[in-house]
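Heads up: the structure comes next, in C-alpha cells.
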Amino acid sequence: ARTLHVDAHSPRPQPPYATLATAAHTLQDAVNAAADGDTVQVQPGRYDQGGVLRDGQLNRVVVDKAITIRSTGGAELTLLAGARDPSVPPEKRGCGPQAVRGVYLAHPQARLIGFRITGGATLGPPGEDDPWEKTGRMGGGVYAAANSAVIRQCILDSNAASFDGGGLYGGTARQCTLSGNWAGNGGGAAGADLTDCRLAHNTAYSGGGAYECALRRCEIRDNVADCECEDPDSYGGGVAYSQVEDSGLHH
C-alpha cells in the first residue's frame, strides 16, 4: 500500500503524489491516483475546488475505492467546503442544481478521518415524477453508500439536504460533531450509526438531530423539529425513529 499526499500549496503537483513537494492540490486528484488499500494524507488548509457529478449531484470529492483519507492536522485545521446553490430562494437552504455536496463515500470500505466538512448542499425538491428518495437529495455534508464506510473525528457543520441527512446520510460515524445542519428528515444525520458523537443545533421537519439512526454514547443537544405543527416535539426535536443507547438528550 502507498501513501499519497495532498497540499493545496504544493509547489509542483505530480502523480503519483508520493512526496509533499509533488502533492496533489485537490483530494479528488489523489483519490483518482490511489488504489485499494492506499492512504491519502492531507495537509492543513481549505479545499473548495473541483466537482464530480454522481447520480445527478455535484460532489467536492467522490471516494470509490477502499482507501483511507486522513488529515495530518485534524478537523480544526483541515476544511473541505461544499457549496450552496446561489440561485434558489432562502427557504431551500441552498439546495438546488448548482449545489455541491462535500463528500460521497461510494465504496463500502472508504474511510474519512479528521476533516471539517461545511457548506455542502444537495439537489432541491423533486419535480413531477421525480422521486424524493434519490441519493442526490441526501447527505449535504457526507453521503455514504454503505454503513460500513467510516467517518471519524470529523466536524460536519452548516450543511443542508432537501430530503434526509443534512450533515450525514449513511455510514458509521465515530467521535464526530454534527452542528448547524438542516434537512427534511435528520438535520444532523439520517440512516447512520453514530458512536461518541455530538449532535447540536441541527434542524429538520422530523428528527432535528437524527432520523432513523443508531446512537451510542452520544450527546444530543438543542436540536429542533421545525415542522410548523401544533406539537413539534412529537416529530422528534432531538431524534426520531432511532435507537438510542447510553446517550444524553437535552433541550
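Numbering (this note's numbering) for the sequence shown: 12 to 262.
Note that beta-carbon positions come from the ideal geometry of N, C-alpha and C, so glycine has one too.
Contact between ARG209 and THR183 does not hold, since the beta-carbon distance rounds to 16 Å and is not under 8 Å. With 16 or more other CB atoms across the displayed protein chains lying within 10 angstroms of its CB, GLY93 is buried. For VAL99, there is no enclosing alpha helix (DSSP H), as DSSP gives it neither H nor E. Considered as a whole, the region 71-134 harbours 79-82, 89-92, 111-116, 122-124, 127-129 as its complete beta strand (DSSP E) runs of no fewer than 3 residues, in chain order.
Residue nearest to THR214 within the set GLY178, ALA41, THR206 is GLY178 (criterion: CA-CA distance).
With a cutoff of 9 Å on beta-carbon distance, ALA19 and GLY56 are scored as near each other. Assignment of beta strand (DSSP E) within the region 32-68, counting only whole runs of 3 or more residues, yields 50-53, 56-58, 63-65 in chain order. For GLN68, the closest alpha carbon among the candidates ASP204, VAL161, GLY152, PRO26 is that of GLY152.
Excluding residues up to 5 positions away in sequence, LEU205, CYS208, SER258 lie with their Cβ nearer than 6 Å to the Cβ of CYS229 in the same chain. By the CB criterion at 9 Å, GLY147 and GLY176 fall outside the cutoff. Under the criterion of beta carbons closer than 8 Å, CYS106 and THR133 qualify as touching, at roughly 5 Å. Measuring C-alpha to C-alpha distances from GLN120 to each of GLY202, ALA29, ALA46, GLN52 identifies ALA46 as the nearest.
VAL114 places its beta carbon less than 9 Å from that of ILE128. When secondary structure is reduced to three states using DSSP, GLY198 falls in the coil class, being assigned neither helix nor strand. Burial state of GLU223 is buried, judged by a 10 Å Cβ sphere holding 16 or more other Cβ atoms. Residue pairing by DSSP places TYR222 opposite ALA201, ALA251 in a beta bridge.
In the displayed model, ARG148 falls within a helix according to three-state DSSP. In terms of Cβ geometry, PRO24 and ARG13 do not form a close pair [threshold 9 Å]. When DSSP states are grouped into helix, strand and coil, TYR28 belongs to the coil group. In its chain, beyond the 5 residues on either side, GLY107, GLN109 have a beta carbon closer than 7 Å to the beta carbon of SER98. Burial is judged here by how many other beta carbons sit within 10 angstroms of a residue's own beta carbon; LEU64 has fewer than 16 and is exposed. According to the DSSP secondary-structure assignment, SER190 is paired through a beta bridge with ASP168, ALA211. Within the same chain, GLN60, GLY61 come within 6 Å of THR37 by CB-CB distance, once the 5 residues on both sides are set aside.
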